[in-house]
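Residue numbers (the numbering used here), protein chains in the order written: chain A, 1 to 134; chain B, 1 to 134; chain C, 1 to 134; chain D, 1 to 134.
4 protein chains.
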Amino acid sequence: MRFKLNFKSGKPVYLQVVDQVKVAAASGSIQAGEPLPSIRPLAEELRVNRNTVAKAYAELESQGVIETVAGKGSFVSANNSPLKKAVRLELLAQEIDTAVIQAHHLQVGKAEFLRLAEDRFDAFQDKRDRAATS
Amino acid sequence: MRFKLNFKSGKPVYLQVVDQVKVAAASGSIQAGEPLPSIRPLAEELRVNRNTVAKAYAELESQGVIETVAGKGSFVSANNSPLKKAVRLELLAQEIDTAVIQAHHLQVGKAEFLRLAEDRFDAFQDKRDRAATS
Amino acid sequence: MRFKLNFKSGKPVYLQVVDQVKVAAASGSIQAGEPLPSIRPLAEELRVNRNTVAKAYAELESQGVIETVAGKGSFVSANNSPLKKAVRLELLAQEIDTAVIQAHHLQVGKAEFLRLAEDRFDAFQDKRDRAATS
Amino acid sequence: MRFKLNFKSGKPVYLQVVDQVKVAAASGSIQAGEPLPSIRPLAEELRVNRNTVAKAYAELESQGVIETVAGKGSFVSANNSPLKKAVRLELLAQEIDTAVIQAHHLQVGKAEFLRLAEDRFDAFQDKRDRAATS
DNA sequence: GTGGTCTAGACCACC
DNA sequence: GTGGTCTAGACCACG
Numbered sequence: 001m002r003f004k005l006n007f008k009s010g011k012p013v014y015l016q017v018v019d020q021v022k023v024a025a026a027s028g029s030i031q032a033g034e035p036l037p038s039i040r041p042l043a044e045e046l047r048v049n050r051n052t053v054a055k056a057y058a059e060l061e062s063q064g065v066i067e068t069v070a071g072k073g074s075f076v077s078a079n080n081s082p083l084k085k086a087v088r089l090e091l092l093a094q095e096i097d098t099a100v101i102q103a104h105h106l107q108v109g110k111a112e113f114l115r116l117a118e119d120r121f122d123a124f125q126d127k128r129d130r131a132a133t134s
Numbered sequence: 001m002r003f004k005l006n007f008k009s010g011k012p013v014y015l016q017v018v019d020q021v022k023v024a025a026a027s028g029s030i031q032a033g034e035p036l037p038s039i040r041p042l043a044e045e046l047r048v049n050r051n052t053v054a055k056a057y058a059e060l061e062s063q064g065v066i067e068t069v070a071g072k073g074s075f076v077s078a079n080n081s082p083l084k085k086a087v088r089l090e091l092l093a094q095e096i097d098t099a100v101i102q103a104h105h106l107q108v109g110k111a112e113f114l115r116l117a118e119d120r121f122d123a124f125q126d127k128r129d130r131a132a133t134s
Numbered sequence: 001m002r003f004k005l006n007f008k009s010g011k012p013v014y015l016q017v018v019d020q021v022k023v024a025a026a027s028g029s030i031q032a033g034e035p036l037p038s039i040r041p042l043a044e045e046l047r048v049n050r051n052t053v054a055k056a057y058a059e060l061e062s063q064g065v066i067e068t069v070a071g072k073g074s075f076v077s078a079n080n081s082p083l084k085k086a087v088r089l090e091l092l093a094q095e096i097d098t099a100v101i102q103a104h105h106l107q108v109g110k111a112e113f114l115r116l117a118e119d120r121f122d123a124f125q126d127k128r129d130r131a132a133t134s
Numbered sequence: 001m002r003f004k005l006n007f008k009s010g011k012p013v014y015l016q017v018v019d020q021v022k023v024a025a026a027s028g029s030i031q032a033g034e035p036l037p038s039i040r041p042l043a044e045e046l047r048v049n050r051n052t053v054a055k056a057y058a059e060l061e062s063q064g065v066i067e068t069v070a071g072k073g074s075f076v077s078a079n080n081s082p083l084k085k086a087v088r089l090e091l092l093a094q095e096i097d098t099a100v101i102q103a104h105h106l107q108v109g110k111a112e113f114l115r116l117a118e119d120r121f122d123a124f125q126d127k128r129d130r131a132a133t134s
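Here it is in structure tokens:
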């Protein structure tokens with residue numbers, strides 16, 4: 001699990017962590033019963049206070065996504081079946097919508113928008129492939 | 001100028017207004033010298049306290065994006081040349097990248113991603129057209 | 001309402017505030033509908049951070065003792081009938097018990113204990129009377 | 001030595017142990033050179049982690065109240081003369097004062113207060129006697 | 001080492 | 001002015 005924070009977005013850091021864990025659990029890239037990173041190391045990696053991560057984990061536990069045992073760690077809950085495809089696409093659609101709106105504000109047309117989308121997707125794949133090879 | 005607020009994003013509302021005005025001015029969809037909506041009607045339209053809009057306008061003025069004339073209103077400053085196309089695409093690419101990453105986490109492939117992007121773009125256009133007609 | 005904090009007791013400050021408000025409401029010395037001190041001034045008076053008082057008030061609201069309206073203030077809830085005498089004595093008995101235990105540890109006998117109790121009660125009354133006169 | 005913990009008071013458990021040992025030593029109910037209970041049995045009796053008791057003993061040793069001999073146990077230090085009576089009463093007066101204040105908040109009068117004090121003192125003695133007999 | 005709690009400072013939205 | 005939220009630092013209990 002790799003976390004990516006955006007400190008400038010204004011979105012609370014702890015919610016960014018919550019979302020990323022949920023997506024990872026939803027997509028199946030973290031399996032049920034698997035441990036999450038411990039609070040302290042993760043906080044250090046993210047350059048964030050311990051409590052910020054703790055708050056994210058507390059929120060995830062209250063949502064039933066993970067289970068946490070004091071002194072042991074936090075683990076993905078069992079009852080989280082990977083999301084159905086329709087739900088996954090719904091989540092993705094929200095992200096795409098914000099890009100569409102931005103395109104409109106910047107007066108970028110459909111053809112150009114789609115070309116850019118393809119370019120960025122390919123660029124992302126390339127980067128991942130190179131990372132996997134190295 | 002159409003504003004779209006997201007109360008759940010955690011991003012301060014007044015900054016959302018600031019950003020949208022800046023993008024609109026940068027993209028040329030608001031021309032220099034054009035008036036911005038008055039604070040009270042805009043606050044009402046956005047379902048937000050007047051102080052929040054006032055704060056956004058104050059921030060914009062301090063950044064030199066707009067100029068406020070007491071008793072007249074607020075106007076886009078002259079020295080904001082519309083951004084070059086390359087810069088606009090760069091801004092848009094950032095938004096698309098986050099959608100691409102989300103697609104990867106949700107294990108959505110390229111074909112599906114691009115199809116969804118087209119769908120959402122069309123849906124957005126439809127909605128605008130209907131709004132303009134009514 | 002006068003608050004008295006003990007920073008050395010180890011008892012969380014916010015809980016001390018909670019208890020004192022509850023006792024005041026229970027004893028009827030704060031009437032239903034009456035406003036509590038605002039968070040900031042109270043925090044300043046107690047030499048404590050705003051959030052500490054806010055946490056106490058939040059706890060009181062979750063317990064139904066007070067009701068708080070953002071931008072207006074906090075008010076004693078209506079349904080808090082003054083405690084029955086038996087309940088009041090029960091609360092007081094707890095405090096006395098800790099003094100009794102202390103007496104035992106310090107090997108102070110019953111006669112001496114009761115004499116001291118009377119002395120301190122009288123001393124307290126005297127102090128209050130003098131304060132009222134001045 | 002009988003320990004009594006209050007898990008709800010918010011006061012750190014290890015400090016409660018420290019205080020009670022100090023009071024016992026100060027009042028003379030534990031004599032100099034007398035051994036304290038070993039960490040493990042005491043921790044078990046108090047339903048507390050061994051580290052917590054160990055922390056209390058370490059604190060007591062650093063304060064010079066007890067001395068620990070590896071492999072032998074912990075013993076009350078010699079230089080702790082039992083407190084003079086006046087000092088003991090002073091300590092007790094503090095506890096009684098908090099009960100008096102509570103009585104005032106709960107609008108309990110002097111006669112009732114003193115009667116309750118006597119009741120609780122007797123009840124405590126009874127409980128001790130029964131415990132000693134069993 | 002693990003997670004949990006209390007206190008604090010800064011910023012936000014609203015009146 | 002009002003209360004609400006996010007981030008942080010220090011301390012605690014437990015393994």
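Every residue gets a Cβ at the ideal spot worked out from N, C-alpha and C, and that includes glycine. As the structure is a computational prediction, the values presented were derived from the model and not from experiment.
Quick one: residues in its chain with C-beta nearer than 7 Å to the C-beta of C:T68, no 5 flanking neighbours on either side, listed in chain order?
Numbered from its first residue, the third sequence carries residue 68 of chain C at position 68. Contacts found: Y57, E61, S74.
Is there a Cβ from chain C that is less than 8 Å from the Cβ of D:D129?
One-based indexing of the fourth sequence puts residue 129 of chain D at position 129. So, not an interface residue.
Using the Cβ count rule (16 or more neighbours within 10 Å means buried), how would you classify B:F7?
Mapped onto the second sequence, residue 7 of chain B falls at position 7. Exposed.
Compare the C-beta of C:S9 against all C-beta atoms of chain D and say whether one is closer than 8 Å.
For the purposes of this step, residue 9 of chain C is taken as residue 9 along the third sequence, with counting starting at 1. Chain D, which has a Cβ nearer than 8 Å to the Cβ of C:S9, makes this yes.
Are B:V21 and B:L36 close, meaning C-beta to C-beta below 8 Å?
Taking the second sequence and counting its residues from 1, one reaches residue 21 of chain B at position 21. Taking the second sequence and counting its residues from 1, one reaches residue 36 of chain B at position 36. Contact flag set, yes.
Tell me, please, whether the CB atom of C:P37 is closer than 8 Å to any CB atom in chain D?
By one-based count along the third sequence, residue 37 of chain C stands at place 37. Among the residues facing chain D, C:P37 is not included, as its CB has no counterpart in that chain under 8 Å away.
Which of helix, strand or coil DSSP assigns to D:P41:
Looking up residue 41 of chain D in the fourth sequence gives position 41. In the structure shown, D:P41 sits in a helix (DSSP, three-state: H, G or I).
Using 8 Å as the threshold, is the C-beta distance between D:V17 and D:V53 below it?
Here residue 17 of chain D refers to the residue found at position 17 of the fourth sequence. Here residue 53 of chain D refers to the residue found at position 53 of the fourth sequence. At a Cβ-Cβ threshold of 8 Å, D:V17 and D:V53 count as neighbours.
Give the range of the beta strand (DSSP E) segment to which D:S74 is assigned.
As a first step, residue 74 of chain D is located in the fourth sequence; it is residue number 74 there, counting from the start. Element bounds for D:S74: 73-76.
Chain-ordered chain C contacts of D:R120 [CB-CB under 8 Å]:
For the purposes of this step, residue 120 of chain D is taken as the residue at position 120 of the fourth sequence. Chain C residues near D:R120: A93, I96, D97, V100.
Per-residue DSSP class, three states only, for A:E67
Counting from 1 along the first sequence, the entry for residue 67 of chain A is found at position 67. DSSP places A:E67 in strand when its eight states are reduced to three.
Would you report the Cα separation of C:Q125 and D:Q94, rounded to the nearest angstrom?
On the third sequence, residue 125 of chain C is found 125 positions in, with the first residue counted as 1. On the fourth sequence, residue 94 of chain D is found 94 positions in, with the first residue counted as 1. One C-alpha to the other measures close to 16 Å.
Could you tell me which chain A residues have their CB closer than 8 Å to the CB of B:P12, listed as they occur along the chain?
As a position in the second sequence, residue 12 of chain B is number 12, starting the count at 1. The answer, in chain order, is G10.
Taking 8 Å as the threshold (beta carbon to beta carbon), is C:S62 in contact with chain D?
Your numbering for residue 62 of chain C matches position 62 in the third sequence. Answer no: the Cβ-Cβ gap between C:S62 and chain D never drops below 8 Å.
Consider the Cβ of A:Q107: report whether some Cβ of chain B lies at a distance smaller than 8 Å.
Taking the first residue of the first sequence as position 1, residue 107 of chain A is located at position 107. So yes, A:Q107 belongs to the interface.
Roughly how far, in whole angstroms, is the beta-carbon of B:A99 from the beta-carbon of A:A25, given that I think they are within contact range, below 8 Å?
The sequence position of residue 99 of chain B within the second sequence is 99, counting from 1. The sequence position of residue 25 of chain A within the first sequence is 25, counting from 1. In fact, because the Cβ distance is near 20 Å, the residues do not count as touching under 8 Å.
Drop a sphere of 10 angstroms on the beta-carbon of B:L116, count the other beta-carbons inside from all chains shown, and report buried for 16 or more, exposed for fewer.
Position 116 of the second sequence, counted from the first residue, corresponds to residue 116 of chain B. Counting Cβ neighbours within 10 Å, B:L116 comes out buried, since at least 16 surround it.
For the stretch 64-79 of chain D, which residues have a CB atom closer than 9 Å to at least one CB atom of chain C, in sequence order?
none
Evaluate A:V13 with the Cβ neighbour count: other Cβ atoms within 10 Å of its Cβ, from every protein chain shown; 16 or more gives buried, anything less gives exposed.
By 1-based counting over the first sequence, the position of residue 13 of chain A is 13. By the neighbour-count rule (16 or more Cβ atoms within 10 Å), A:V13 is buried.
Quick check: is the beta carbon of C:A117 nearer than 8 Å to any beta carbon in chain D?
In the third sequence, the residue the question calls residue 117 of chain C occupies position 117. Closer than 8 Å: yes.
Selected residue, minimal CA-CA separation from A:L5, among A:Q107, A:E112, A:L46, A:E59:
Translated into the one-based positions of the first sequence, residue 5 of chain A becomes position 5. The residue with the shortest Cα to Cα distance from A:L5 is A:L46.
Alpha-carbon spacing of C:G64 relative to C:Q31, whole angstroms:
Here residue 64 of chain C is taken as the residue at index 64 of the third sequence, counted from 1. Here residue 31 of chain C is taken as the residue at index 31 of the third sequence, counted from 1. Each residue's Cα considered, the two are about 15 Å apart.
What number of angstroms, rounded off, separates the C-alpha of C:S9 from the C-alpha of D:K11?
Position 9 of the third sequence, counting from 1, holds the residue named residue 9 of chain C. Position 11 of the fourth sequence, counting from 1, holds the residue named residue 11 of chain D. One C-alpha to the other measures close to 7 Å.
Quick check: is the beta carbon of B:F3 nearer than 8 Å to any beta carbon in chain A?
Indexing the second sequence from 1 puts residue 3 of chain B at position 3. So, not an interface residue.
Given a threshold of 16 other Cβ atoms within 10 Å of its Cβ, counted over all protein chains shown, does D:L38 qualify as buried or as exposed?
In the fourth sequence, counting from the first residue as 1, residue 38 of chain D sits at position 38. The question names Leu, but residue 38 of chain D in the sequence shown is Ser. D:S38 should be labelled exposed.
Spatially closest choice to A:L83 from A:A103, A:A123, A:G28, by CA coordinates:
Here residue 83 of chain A refers to the residue found at position 83 of the first sequence. It is A:G28.
Measuring alpha carbon to alpha carbon, tell me which of A:I96, A:E44, A:D129, A:R2 ends up nearest B:E112.
As a working note, residue 112 of chain B is residue 112 in the second sequence. Comparing Cα positions, the closest option is A:I96.
Are there 16 or more other CB atoms within 10 angstroms of the CB of A:R50, so buried, or fewer, so exposed?
Position 50 of the first sequence, counted from the first residue, corresponds to residue 50 of chain A. Exposed is the call here.
If you compare alpha carbons, which of D:K55, D:A78, D:L42 is closest to D:E34?
Against the fourth sequence, residue 34 of chain D aligns to sequence position 34. For D:E34, the nearest C-alpha among the options comes from D:A78.
Do we get a CB-CB distance below 8 Å when we pair B:L42 with the residues of chain A?
Against the second sequence, residue 42 of chain B aligns to sequence position 42. No, no contact with chain A.
Can B:A149 and A:L92 be called in contact, C-beta distance under 8 Å?
The first residue shown for chain B is 1 and the last is 134, placing residue 149 of chain B beyond what the model contains.
List, in order along the chain, the chain B residues whose C-beta lies closer than 7 Å to that of A:K110?
On the first sequence, residue 110 of chain A is found 110 positions in, with the first residue counted as 1. Going along chain B in sequence order, the residues near A:K110 (Cβ under 7 Å) are F121.
Excluding the five sequence neighbours on either side, which residues of its own chain have a C-beta within less than 7 Å of the C-beta of A:F3, listed in chain order?
In the first sequence, residue 3 of chain A corresponds to position 3, counting from 1. Closer than 7 Å at Cβ, skipping near neighbours: V17, Q20, L46.
Contact under 8 Å by Cβ, D:R88 with C:L106
Translated into the one-based positions of the fourth sequence, residue 88 of chain D becomes position 88. Translated into the one-based positions of the third sequence, residue 106 of chain C becomes position 106. The answer is yes: Cβ separation under 8 Å.
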